[in-house]
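Take a look at the structure set out below.
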Amino acid sequence: MNLMMLLEMAASGLGERTAVGSKTTGLTYAELFDSAQAAARRYRNSGVEAAVLCDESSHAVPIMLFGSAWAGVPYVPLNYRLPSEDLLTLASRVGSAVAVTDETNLDRLASIDAVTTVQQGDFLADPAGGHDIGAEPGDWNMDPDDVAVLLFTSGTTGTPKSAILRHKHLVSYILGSVEFMGAGEDEATLVSVPPYHIAGVAAMLSSVYAGRRIVQLPRFEPHAWIDAVEAEGVTHAMVVPTMLTRIVDALDERGGEPLLGVQALSYGGGKMPRPVIERALELFPITNFVNAYGLTETSSTIALLGPDEHRIAQYSDEPTERARLGSVGRPLPGIEVAIRDDDGIDLPAGEVGEIFVRGEQVAGEYRENGSLLDADGWFPTRDGGYIDAEGFLFVQGRNDDVIIRGGENMSPGEIEDVAMSHPNIRNAAAIGVPDREWGEQVVLVAVADGTAPAAAELEDLIRSRLRSSRVPAHIVFVDELPHNDTGKLLRRVLREQYAHLGDGPAD
Amino acid sequence: MVDLKAGARFQSTVCSTEVIVVKGAGEVDLTCGGAAMVAAGTGSIDGAPADGAADGTQLGKRYSNEAGTIEILATKAGDGSLAADGEALVIAQAKTLPASD
Chain A
19 MNLMMLLEMA ASGLGERTAV GSKTTGLTYA ELFDSAQAAA RRYRNSGVEA
69 AVLCDESSHA VPIMLFGSAW AGVPYVPLNY RLPSEDLLTL ASRVGSAVAV
119 TDETNLDRLA SIDAVTTVQQ GDFLADPAGG HDIGAEPGDW NMDPDDVAVL
169 LFTSGTTGTP KSAILRHKHL VSYILGSVEF MGAGEDEATL VSVPPYHIAG
219 VAAMLSSVYA GRRIVQLPRF EPHAWIDAVE AEGVTHAMVV PTMLTRIVDA
269 LDERGGEPLL GVQALSYGGG KMPRPVIERA LELFPITNFV NAYGLTETSS
319 TIALLGPDEH RIAQYSDEPT ERARLGSVGR PLPGIEVAIR DDDGIDLPAG
369 EVGEIFVRGE QVAGEYRENG SLLDADGWFP TRDGGYIDAE GFLFVQGRND
419 DVIIRGGENM SPGEIEDVAM SHPNIRNAAA IGVPDREWGE QVVLVAVADG
469 TAPAAAELED LIRSRLRSSR VPAHIVFVDE LPHNDTGKLL RRVLREQYAH
519 LGDGPAD
Chain B
6 MVDLKAGARF QSTVCSTEVI VVKGAGEVDL TCGGAAMVAA GTGSIDGAPA
56 DGAADGTQLG KRYSNEAGTI EILATKAGDG SLAADGEALV IAQAKTLPAS
106 D
């Protein structure tokens, strides 16, 4: 098993179709195949242990992803916006590498002896780096345990860990969820997540296998996104929640005209605020919406809420159906999900516990501390949630984010959902701040939609729907909640920012 | 006859069914419950679905023709069943999982 199998099939079945870029100037599948071979020659001849990318999206991404697979070295996309110290820490963990970089990072990475840098432009002009032998069609390793990709996970605490994704995980994920050449010639997918995001890696692989042209937007900006959709005839897109929020605002700024050309829009990477998805369903009235839940460690998607459920939730009067919009849907075929309590006992439907997952695509492994799979192959996601009677999974949030007040565990998501049900609240984050009496107190940081409601109004709303213990001790209104580049809400930042509202010892 | 343009909305005149067009090409005789559908907001319900066209339309489901040139999303359920130029529209089966990446 090797990722190259996927590209080989695509090149064989669709050689002349454009794989990446615009129809006039992009690379065809045949050209991508040849470029991957050229890159493989560079990697094999230079004897490096890794193919590093430290740059925003470009054609270098698919060339490197497949070229490194051909050569038998891991592909390691790094966050090019990290501060120097953090970037060098990660880069020095990789071993010897050829790093394709942008100008900013050229000098920084060049300071590591084991790393040879190449500028993006030079790499694209000559992926082989002058080597004309060293890789022949079909001569890639087929050991399914070979490492295909190393992704540094954005940990909420401490240094990021490098998640290992082996060929077997990624190939089984693609074969299990994508129909070969299932995309029509006029389809195109817009990828605006950075290369070091698992969704970006997955999008490359599934688009190549499906035969869907990839259009890259290296730097997300909502109007540029809308313009790219129109200019390139984009039919599919994947976004993180913060992007969709900004796209919805930009469309409303432009007059609220619906975008009808997008056939499918999938989102994930973080919790989608309900008011945003509800507005998006109106602005994209015939688009197939998909909420994809997954982690870096599970080769991306393990559960998804499909297009039908989105539209049913939008148009139905029935509360259970409407509530489904807050779910991440049902597990993919081949994936098992279990909800367990603190003792590891499986819980029945409706009860909240930790989400565990098992399946061929679940890697759950890090270079730093090995495999986290238990004896039976189950991976603890550290996300809390429950499954309803129909098998729909609801994710409440990271267990690390649980607020513990007076010995009671509170899920921030529960409080946030109630706050967001207020028509003038568009987004909200509930965090715990230290409190001498209670251990932690609840602070609600909210983004208003129009005029911010009075704190008392929100407090009453939360008290009436949940228990009085959930009522925030403080409510703060902000213009925007902090997120990182992969769409994750930075609760740690909020906790630091508002710790002063508590009266207890700082953590 | 109505113009099946993407985004156009129609309603049934013999039941509560309402739809929005996802995919379509040109002028089509779009019926629900055997009666011609009208632009949303322009008609009222009078009568009942005809025999043979009363299998119901389900909320949130997509219906398409055999050729796959027409796809219609039901935004409100009803007792009548959809047809285009006399061909009954059936629930579109997903070929595989919806693209999530």
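Protein sequence lines, in the order shown, are assigned to chains A and B.
The opening position of the first sequence corresponds to residue 19 in our numbering, with each subsequent residue numbered one higher.
The opening position of the second sequence corresponds to residue 6 in our numbering, with each subsequent residue numbered one higher.
Just so it is clear, CB atoms sit at the ideal spot from N, CA and C, and this is done for glycine as well.
From a predicted model like this one, the values you see are computed outputs, not experimental measurements.
- Query: Mind pulling the chain B residues with CB within less than 7 Å of Asp-533 of chain A?
  - Reply: Residue coverage of chain A in this structure runs from 19 to 525, which leaves residue 533 of chain A outside it and unanswerable.
- Query: Listing by chain order, which chain A residues have their CB less than 9 Å from the CB of Gly-12 of chain B?
  - Reply: Neighbours of Gly-12 of chain B on chain A, chain order: Pro-276, Leu-278, Pro-303 and Ile-304.
- Query: Taking any Cβ of chain B, which residues in the region 332-346 of chain A have a Cβ under 7 Å from it, in chain order?
  - Reply: Cβ contacts with chain B: Tyr-333 and Ser-334.
- What does Ile-18 of chain A touch in chain B if you count any residue whose Cβ is under 9 Å from its own? The structure shown does not extend to residue 18 of chain A, since chain A is modelled only from 19 through 525, so no value can be given for it.
- Pick from A:Asn-442, A:Glu-458, A:Trp-396 and A:Gly-395 that is closest to Gly-424 of chain A, judged by C-alpha positions: That would be A:Glu-458, whose Cα lies nearest to the Cα of Gly-424 of chain A.
- Message: Does chain B have any CB closer than 9 Å to the CB of Arg-454 of chain A?
- Response: The C-beta of Arg-454 of chain A comes no closer than 9 Å to any C-beta of chain B.
- Which residues in chain A sit within 7 Å of Val-43 of chain B, going by Cβ to Cβ distance? Result: empty, since nearest Cβ-Cβ is about 19 Å, beyond 7 Å.
- Exposed unless 16 or more other CB atoms sit within 10 angstroms - verdict on Asp-531 of chain A: Past the edges of chain A, shown from 19 to 525, lies residue 531 of chain A, and the structure says nothing about it.
- Item | chain B contact for Arg-329 of chain A (CB, 9 Å cutoff) | Among the CB atoms of chain B, one or more fall inside 9 Å of the CB of Arg-329 of chain A.
- Do you know offhand how far Pro-212 of chain A's Cα is from Gly-287 of chain A's? Between Pro-212 of chain A and Gly-287 of chain A, the C-alpha separation is close to 12 Å.
- Query: Since Arg-510 of chain A contacts Ile-433 of chain A with CB under 8 Å, what's their CB separation in whole angstroms?
  - Reply: Wrong, their Cβ atoms sit about 18 Å apart, outside the cutoff.
- Item | Among B:Asp-56, B:Gly-38 and B:Gly-31, nearest to Leu-94 of chain B - alpha-carbon criterion | Among B:Asp-56, B:Gly-38 and B:Gly-31, the Cα nearest to that of Leu-94 of chain B is on B:Gly-38.
- Closest to Met-160 of chain A by CA distance: which of A:Ala-48, A:Phe-170, A:His-149 and A:Val-189 is it? For Met-160 of chain A, the closest C-alpha among the options A:Ala-48, A:Phe-170, A:His-149 and A:Val-189 is that of A:Val-189.
- Query: How big is the Cα-Cα spacing for Val-136 of chain A and Arg-62 of chain A?
  - Reply: Cα-Cα distance, rounded: 16 Å.
- Message: Between which two residues does the beta strand (DSSP E) holding Thr-8 of chain A run?
- Response: Within the shown structure, residues of chain A are numbered from 19 to 525, placing residue 8 of chain A beyond reach of any answer.
- Query: Should Ile-443 of chain A and Val-461 of chain A be called a contact, given that it needs their Cβ atoms to be closer than 9 Å?
  - Reply: Not a contact, by the Cβ cut-off of 9 Å.
- Contacting positions in the region 70-96 of chain B - beta carbon closer than 7 Å to chain A: Under the 7 Å Cβ criterion, the region 70-96 of chain B contributes Leu-78, Thr-80 and Lys-81.
- May I ask which residues mark the beginning and end of the alpha helix (DSSP H) holding Gly-194 of chain A? Start and end: 185-195.
- Task: Indicate whether at least one CB of chain A lies closer than 9 Å to the CB of Ile-25 of chain B.
- Result: Judged by the 9 Å Cβ criterion, Ile-25 of chain B is in contact with chain A.
- Task: Counting only the same chain and skipping the five closest in sequence on each side, list residues whose C-beta sits under 6 Å from that of Ala-132 of chain A.
- Result: Listed in chain order, the non-local C-beta contacts of Ala-132 of chain A below 6 Å within the same chain comprise Ser-114, local neighbours out to five positions each way being set aside.
- Beta-carbon gap between Ile-231 of chain A and Ser-224 of chain A smaller than 9 Å: For the sequence presented, residue 231 of chain A should be read as Arg rather than Ile. Ser-224 of chain A sits away from Arg-231 of chain A, with the two beta carbons spaced by 9 Å or more.
- Does the Cβ-Cβ distance between Gly-39 of chain A and Val-233 of chain A come in under 9 Å? Against a cut-off of 9 Å, the Cβ pair of Val-233 of chain A and Gly-39 of chain A comes out as a contact.
- Query: Using the C-alpha atoms, what's the distance from Gln-98 of chain B back to Val-43 of chain B?
  - Reply: Take the alpha-carbon of Val-43 of chain B and the one of Gln-98 of chain B: they are about 26 Å apart.
- Task: Would you grab the beta carbon distance between Ala-206 of chain A and Val-252 of chain A for me? Rounded to a whole angstrom, and I think it's under 8 Å.
- Result: For a cut-off of 8 Å, the C-beta gap from Ala-206 of chain A to Val-252 of chain A is around 5 Å, short enough to register as a contact.
- Message: Does the CB of His-254 of chain A have a neighbour CB from chain E at under 9 Å?
- Response: This model lacks chain E altogether; the protein chains it does include are A and B.
- Start and end of the alpha helix (DSSP H) containing Tyr-47 of chain A? Here the alpha helix (DSSP H) through Tyr-47 of chain A covers 47-64.
- Message: Let me check understanding here. Comparing Cα to Cα, which of A:Ala-474, A:Ala-128, A:Ala-201 and A:Met-290 lies closest to Met-438 of chain A?
- Response: Of all alpha-carbon atoms in A:Ala-474, A:Ala-128, A:Ala-201 and A:Met-290, the one lying nearest the alpha-carbon of Met-438 of chain A is that of A:Met-290.
- How close, in whole Å, do the beta carbons of Val-27 of chain B and Ile-304 of chain A come, if the pair is a contact with beta carbons under 8 Å? Sure, about 4 Å apart at Cβ, within 8 Å.
- Segment limits, beta strand (DSSP E) that includes Phe-302 of chain A: If you look at Phe-302 of chain A, you'll find it isn't in any beta strand (DSSP E); DSSP assigns it neither H nor E.
- Item | Own chain, CB closer than 6 Å to Thr-36 of chain B, minus 5 neighbours either side, in chain order | Excluding residues within five positions, the ones whose Cβ falls inside 6 Å are Ala-88.
- Cβ neighbours of Arg-483 of chain A in the same chain (closer than 7 Å, five flanking residues each side left out): Taken in chain order, the residues that qualify are Val-436.
- Item | Residues of its chain near Gly-29 of chain B, where Cβ-Cβ distance is below 6 Å and the 5 sequence neighbours each way are ignored | These residues qualify, in order along the chain: Leu-9 and Ile-75.
- Should Asp-525 of chain A be flagged as near chain B, meaning a C-beta pair shorter than 9 Å? For Asp-525 of chain A, the predicted model reports a pLDDT of 48, less than 50, meaning its position is unreliable; a value from the coordinates is still stated below. No, its Cβ sits nowhere closer than 9 Å to a Cβ of chain B.
- Using a threshold of 9 Å, state whether the C-beta atoms of Ser-210 of chain A and Trp-243 of chain A are closer than that. Yes, they are a contact pair.
- Query: My guess is that Asp-120 of chain A and Asp-73 of chain A are in contact by the Cβ rule of under 8 Å, so how many angstroms apart are they, rounded?
  - Reply: Asp-120 of chain A to Asp-73 of chain A, Cβ: 4 Å. Contact.
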